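Participant: Got a structure here, written out as structure tokens. Questions coming.
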Amino acid sequence: MDEEGIGAEIFALVADIYPICRSITGNGVRETLRRLGRHIPLTVHEVPTGTQVFDWTIPREWNIRDAYIADDSGRHVVDFRDHTLHVVNYSTPVHVRMPLAQLRQHIFTLPDQPDLIPYRTSYYEERWGFCMAHNALMALPDGIYEARIDATLQDGSLTYGEFLHPGDSDEEFLFSAHVCHPSLANDNCAGLALLTRLAARLAPLRTRYSYRFLFAPGTIGAITWLARNELVASRIRHGLVLSCVGDSGGPSYKRSRQGDAAIDRAMAHLLHHAPGTPTVTDFVPYGYDERQFCSPGFNLPVGLFQRSRFGSFPEYHTSGDNLSFVRPEHLASSYRTITAAIDIIENDQRLRNVLPKCEPQLGRRGLYAAIGGSQAGPSRSMAMLWTLNFADGHHSLLDIAERAGLPFSEIAEAASILEIHGLLVPASG
Amino acid sequence: MDEEGIGAEIFALVADIYPICRSITGNGVRETLRRLGRHIPLTVHEVPTGTQVFDWTIPREWNIRDAYIADDSGRHVVDFRDHTLHVVNYSTPVHVRMPLAQLRQHIFTLPDQPDLIPYRTSYYEERWGFCMAHNALMALPDGIYEARIDATLQDGSLTYGEFLHPGDSDEEFLFSAHVCHPSLANDNCAGLALLTRLAARLAPLRTRYSYRFLFAPGTIGAITWLARNELVASRIRHGLVLSCVGDSGGPSYKRSRQGDAAIDRAMAHLLHHAPGTPTVTDFVPYGYDERQFCSPGFNLPVGLFQRSRFGSFPEYHTSGDNLSFVRPEHLASSYRTITAAIDIIENDQRLRNVLPKCEPQLGRRGLYAAIGGSQAGPSRSMAMLWTLNFADGHHSLLDIAERAGLPFSEIAEAASILEIHGLLVPASG
Amino acid sequence: MDEEGIGAEIFALVADIYPICRSITGNGVRETLRRLGRHIPLTVHEVPTGTQVFDWTIPREWNIRDAYIADDSGRHVVDFRDHTLHVVNYSTPVHVRMPLAQLRQHIFTLPDQPDLIPYRTSYYEERWGFCMAHNALMALPDGIYEARIDATLQDGSLTYGEFLHPGDSDEEFLFSAHVCHPSLANDNCAGLALLTRLAARLAPLRTRYSYRFLFAPGTIGAITWLARNELVASRIRHGLVLSCVGDSGGPSYKRSRQGDAAIDRAMAHLLHHAPGTPTVTDFVPYGYDERQFCSPGFNLPVGLFQRSRFGSFPEYHTSGDNLSFVRPEHLASSYRTITAAIDIIENDQRLRNVLPKCEPQLGRRGLYAAIGGSQAGPSRSMAMLWTLNFADGHHSLLDIAERAGLPFSEIAEAASILEIHGLLVPASG
């Protein structure tokens, strides 16, 4: 897939959706999906409040118009219009006047990061609250303050979007990004934007697998999708959850619960050869929606791709996760890793060397250095030698790349040349 | 089991039996078993000299009344009444006068540890000898000395004791400690005392397994027991040999010959989470009576638990292994490790998550933090998430604890809470 | 096998064949085989030019009488008689006069090792060229030079030699060394000389396996032998390719493609206990003739033994690989490793402890220290305890040696003593 300018393209989409106040339900999600839908034909689903999805129930819909804390003079000392994080997500409506000492029980700050606004939610317990910089709170004089949250929490629906790119097979590769976080750039405007751009570039291509892109609220959204798509889920052969794909850390990959699924091997292979400080970790039942895809009743081969791992960077879940924190080059790097994973999943295969007894004479085919004896050895020929030796019908190209310690792309290219010269055939052939 | 004051209790029993001169046969063993028998109803067995036990024969019985080396003036320069180690264990009786130069051929010292008395034995070759501090020997003037060992070596019997706590099943957990060493506190008054106190506390409890406590002389005692109890041995599902459980080192565990028996996994798990400098080593065919239990014709799942490993501390097999060398807190720590192992063996089981599709909603059951978004994550909920995700009927609680990197006790507690809430059932249910 | 003076013997043979100008065909190979044949009854095979061997064709035969570069005054500034490396191996005949600037396109040097002559070949593309020290080239004044290579490249044959030592079984242990390199002492006069001396000492012995020694040109020679001996190849149970066995590095072993063949385990075991800086590496499809033996259509259990690994030492494929670079003591050390490998392959077996229940009483058989209690433990008895415990019919002696971390020779010796005492019998007995 064409990668020219992809970083800037993804970044522009991140910036487009960053200001929206999203939550697990409500108009923020709808507006976000509308903007993603400018780039791909997204199907938007609405699931009514009260619908049972496995052990859960679709909650009421939350929408917010305005919120502020005002001092005696009417000055807004905290204003939702400045930052969507200022309100505890899913706060019930409130309009009160109370002394600061009392109001502080509804205010969340980060004393250790006193200039940042924290991100807090209260989805499943009715509360109201504000979030603000600790230093700003400390600067407030005592007195009576007005606190207002002009929000509604009422029956409505949960919204999610999906796009399916049909391939030659109805076996699927699932990509999923959570759409419920408000103004947090890396977590997860980056994932939403990257997948949208990826889907757009993938759309015109013919592929072996079908590709599904899911943009749903975290936890309840993934649970809702799974509850409504058990049959589809049974066709998922590979999957990746994406979040935090725009910062300078990582890259990192968390294996699926299966641990040795094709996607696990492909991602581990790619990260082994990746620049930066790649880490591959085993599945843990905490994180993003891989928790649901990898619940024991589904146990799908779905891993998590990130740059910095969630919770590992100080900007995580604070106002520090803003448009300065994600960079086009990191978005582009994440994009390339994902497309390389698609390359492996699409192209890995078992081939068979048709001249398995001794080496074929590569030299007379122009595939081997003519002057022998130098210490360097035929470094450019090594990928061919590995491929010929292990193309025995049992080892796939990824097996060979892992055995050789070479990137899959080099083995795949060598295999392609050898196939052209008639030295390899499909293993079943 | 109640652990209050357990260290002091065990230490008191160590002190009680420390002065006795034990050997592989004789009254020292009988007196020791009599004192242990004050705390538990011990069955004492006597096996006559000459009895064939596999490749071995029960030796004659050794008893000693007195022993000394006296100088010209009649002064006792070495006296068995000062320390039981002064006589080579199993020495034949002797009463001679000879020059020091000649007598020295019968005297063992430790030139590198010149203030300590070594422990030496000669069970299977008839000899006599004395052990003493090297500095004390060096201080002796030349001259004629009287050496007397007032001992008997004659037909009698080999003595061992055992206590069986019956459980719901006749499958057994064997605990074994050698009872043949004279005044060596860590090796093995500590093991004898710990197991006696453990047996006493276990006695009133209902257990899944039956628990057998064996106090027998090293090597020949274990061989004798196995020769007389082949059918019982076939019911041993778990076993631990204990020695050196009272010093400040370790803890350490030596795996059974099987290497991956349940007891091996349980002990490795506990030591992984233990304070100190825990070490887990593979089976080697040298050490204590696990040598016999793990001989290829039995190959029982019996490991060795110690604090410092035998031979690894300078006090080993010297008069330095005395009542100052073992401490109540180390005895208590060893006790807690053993009872934790029993907890694992008794309680490990496979459970099944009855809501395996996606996560159950822990929040509405009061099992999950209500305010989301903080970096810390639901650390107290992690044990529940691990248990729910891997309680698939295939993973046992210990499997889950190992996978999660959490102590078994935390997983077992989480499982218990989840079972109460109806989220888990026994895998067979 | 007697090892007295073996290093000096092998070195003398290295020195004898070092000056000969070998190539993949021609009289250099014949003369080399003639000299090796003074020590063992070598069968020499001639395979005509044009013969098809798998994907390859036997090339024309190359012979060289003389070669030089002469300056205006007729002085030979480069002379083949000084060093066989001065001519690019397999150069076509030429006799020209040309300016130095033009001639330099046919001259190979090593700018980074300016005093050494490189080794270069052009087997499968017709070229001519000279090799010389970079400093010597730099010292040449401009001017017209005469370049002459008095060589022939015409139909003839490819030559290889082999020697078969028949054993009790027609299953074979193959030893192979390439015979095509000109004056390079370590690579591979050393391998040729070591195997010749080994074959001579093995010849009078009765062995379980048959031993085949193959001295063939690299690549094309091995391919030729395999093409003509497919049935023999199917009987190869173990094999080693030898090269670079005389320098001070290593030792090193490269596993066969199978990776866990008996020879792989034997060599890894020996190198684990070897002095120096032993390394064991996995198979890679580049190196010496193990490439052909381990091609997927054969997949024979043939590894590569070397001291320094090819390409890893600065003298590799240069005039620095001369008679000063190989030493008798290193040749002797390599020889001992190979004979130790033969010992393992010949003698590894599964035995059965006839008294598997508890330990046999070694003491009454005089096999155990009589005085007990010392810290050292029965270090001399450990090999016996390991062997008795694991001689269960499932573990071979090599298995036991690996489990015990002891050299095979110690376990084999212990097993021999225990067999004499009737405690072990063959597992099938």
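Protein chains in written order, with the UniProt record's numbering: chain D, 1 to 429; chain L, 1 to 429; chain C, 1 to 429.
Positions of the beta carbon are idealized from the N, C-alpha and C atoms, including for glycine.
Here the structure is a predicted model, which means the values were calculated and not measured.
If you measure between the beta carbons of THR43 (chain C) and GLU172 (chain C), is that distance less than 9 angstroms?
Facilitator: no
Participant: Within the same chain, show all residues whose beta-carbon is closer than 6 angstroms to that of THR84 (chain D), passing over the 5 residues directly before and after it, in chain order.
Facilitator: CYS21, PRO182, SER183
Participant: Can you grab the Cα-Cα spacing for the pair ALA415 (chain D) / GLU402 (chain C), in whole Å?
Facilitator: 39 angstroms
Participant: Between the Cα of residue 467 (chain L) and the Cα atoms of L:ASP289, L:GLN292, L:ARG265, which residue gives the shortest distance?
Facilitator: The requested residue 467 (chain L) does not occur in the structure, where chain L is confined to residues 1 to 429.
Participant: So the candidates are C:GLY276, C:ASP55, C:PHE298, C:GLY303; which of them puts its Cα closest to the Cα of LEU231 (chain C)?
Facilitator: The shortest C-alpha separation from LEU231 (chain C) is found at C:PHE298.
Participant: Can you tell me whether DSSP reads HIS330 (chain L) as helix, strand or coil?
Facilitator: helix
Participant: Just verifying my parser: in three-state terms, what is the DSSP assignment at ASN63 (chain L)?
Facilitator: In the three-state scheme derived from DSSP, where H, G and I count as helix and E and B as strand, ASN63 (chain L) is classed as strand.
Participant: Distance check for ARG307 (chain C) and GLN375 (chain L), CA to CA, integer angstroms please.
Facilitator: In this prediction, GLN375 (chain L) scores a pLDDT of 48, lower than 50, which makes its location untrustworthy; the coordinate-derived value is nonetheless stated afterwards. Whole-angstrom Cα-Cα distance: 55 angstroms.
Participant: On a CA-only basis, which of C:LEU36, C:GLU61, C:GLN113 is nearest GLN154 (chain C)? Give me that one, please.
Facilitator: C:GLU61
Participant: Tell me whether ILE107 (chain L) sits in a helix, a strand or coil according to DSSP, three-state version.
Facilitator: strand
Participant: In chain D, which residues lie with their C-beta within 7 angstroms of the C-beta of ARG364 (chain L)?
Facilitator: TYR124
Participant: For ASP247 (chain L), is the classification buried or exposed, using 16 other Cβ atoms within 10 angstroms of its Cβ as the cut-off for buried?
Facilitator: buried
Participant: Chain D partners of SER295 (chain C), CB-CB under 7 angstroms?
Facilitator: PRO356, LYS357, CYS358, GLU359, ASN389
Participant: Quick one: list the residues of chain D neighbouring ASP392 (chain L), beta-carbon separation under 9 angstroms, in chain order.
Facilitator: At a beta-carbon threshold of 9 angstroms, the residues of chain D lying near ASP392 (chain L) are PRO296, GLY297, ASN299, ordered along the chain.
Participant: Using the three-state DSSP reduction, which class does GLY311 (chain L) fall into: helix, strand or coil?
Facilitator: coil
Participant: Could you tell me whether the stretch 45-61 of chain D touches the stretch 231-246 of chain D, using the rule of 3 or more Cβ pairs below 8 angstroms?
Facilitator: The stretch 45-61 of chain D, when compared against the stretch 231-246 of chain D, does not touch it at the 8 angstroms Cβ threshold.
Participant: On the DSSP letters alone, give me the boundaries of the beta strand (DSSP E) that HIS421 (chain D) sits inside.
Facilitator: Unbroken run through HIS421 (chain D): none, as it is neither H nor E.
Participant: For the stretch 70-83 of chain L and the stretch 142-154 of chain L, state whether three or more C-beta atom pairs, one from each stretch, are separated by less than 8 angstroms.
Facilitator: yes
Participant: Does the separation of the CB atoms of VAL14 (chain L) and ALA185 (chain L) fall below 9 angstroms?
Facilitator: yes
Participant: Would you mind stating whether PRO114 (chain L) and ALA101 (chain L) have Cβ atoms separated by less than 9 angstroms?
Facilitator: In this structure, the beta-carbon distance from PRO114 (chain L) to ALA101 (chain L) does not fall below 9 angstroms.
Participant: Assuming LEU388 (chain C) contacts LEU418 (chain C) under a Cβ cut-off of 8 angstroms, what Cβ separation, rounded to an integer in Å, is found between them?
Facilitator: Indeed they touch by this definition, with Cβ atoms about 7 angstroms apart.
Participant: Hey, how far is the Cα of VAL333 (chain L) from the Cα of LEU116 (chain L)?
Facilitator: Just to set this straight, residue 333 (chain L) is Ser in the shown sequence, not Val. Cα to Cα, SER333 (chain L) sits roughly 28 angstroms from LEU116 (chain L).
Participant: Which residues in chain D have a C-beta closer than 9 angstroms to the C-beta of GLY385 (chain L)? List them in chain order.
Facilitator: According to the sequence as given, residue 385 (chain L) is Leu; it is not Gly. By Cβ distance, chain D contributes VAL284, PRO285, TYR286, ARG291.
Participant: Assign CYS180 (chain D) to one of three DSSP states: helix, strand, or coil.
Facilitator: coil
Participant: To which residues of the same chain is ASP170 (chain C) closer than 8 angstroms at the C-beta, ignoring the five residues directly before and after it?
Facilitator: SER210, ARG235
Participant: For ASN135 (chain L), report the span of its alpha helix (DSSP H) as first-last.
Facilitator: 134-138
Participant: Taking 9 angstroms as the threshold (beta carbon to beta carbon), is ARG257 (chain C) in contact with chain D?
Facilitator: yes
Participant: In the stretch 44-63 of chain C, which residues sit with their C-beta less than 9 angstroms from some C-beta in chain D, listed in chain order?
Facilitator: VAL53, PHE54, ASP55, TRP56, THR57
Participant: What residues are listed by DSSP as bridge partners for CYS131 (chain L)?
Facilitator: L:PHE108
Participant: Would you mind telling me which residues of chain D sit closer than 7 angstroms to MET382 (chain L), beta carbon to beta carbon, in chain order?
Facilitator: Contact annotation for MET382 (chain L) against chain D: TYR286 [CB-CB distance below 7 angstroms, chain order].
Participant: Using the beta-carbon of each residue, which ones in chain D are nearer than 9 angstroms to LEU226 (chain C)?
Facilitator: LYS357, CYS358
Participant: Applying a beta-carbon distance threshold of less than 8 angstroms, which residues of chain D neighbour ILE223 (chain C)?
Facilitator: CYS358, GLU359
Participant: Is THR219 (chain C) close to chain D, meaning its C-beta is less than 9 angstroms from at least one C-beta of that chain?
Facilitator: yes
Participant: With PHE215 (chain L) and LEU36 (chain L) assumed to form a contact (beta carbons below 8 angstroms), what rounded beta-carbon distance in angstroms separates them?
Facilitator: With 8 angstroms as the limit, PHE215 (chain L) and LEU36 (chain L) qualify as a contact, their Cβ atoms being about 6 angstroms apart.
Participant: Would you kindly work out how many angstroms separate the C-alpha atoms of GLY377 (chain C) and ARG364 (chain C), rounded to a whole number?
Facilitator: Summary for GLY377 (chain C): the model assigns pLDDT 48, below 50, so the residue's position carries little reliability, and this model does not support an answer.
Participant: Do you know offhand how far GLY221 (chain D)'s Cα is from ARG257 (chain L)'s?
Facilitator: 51 angstroms
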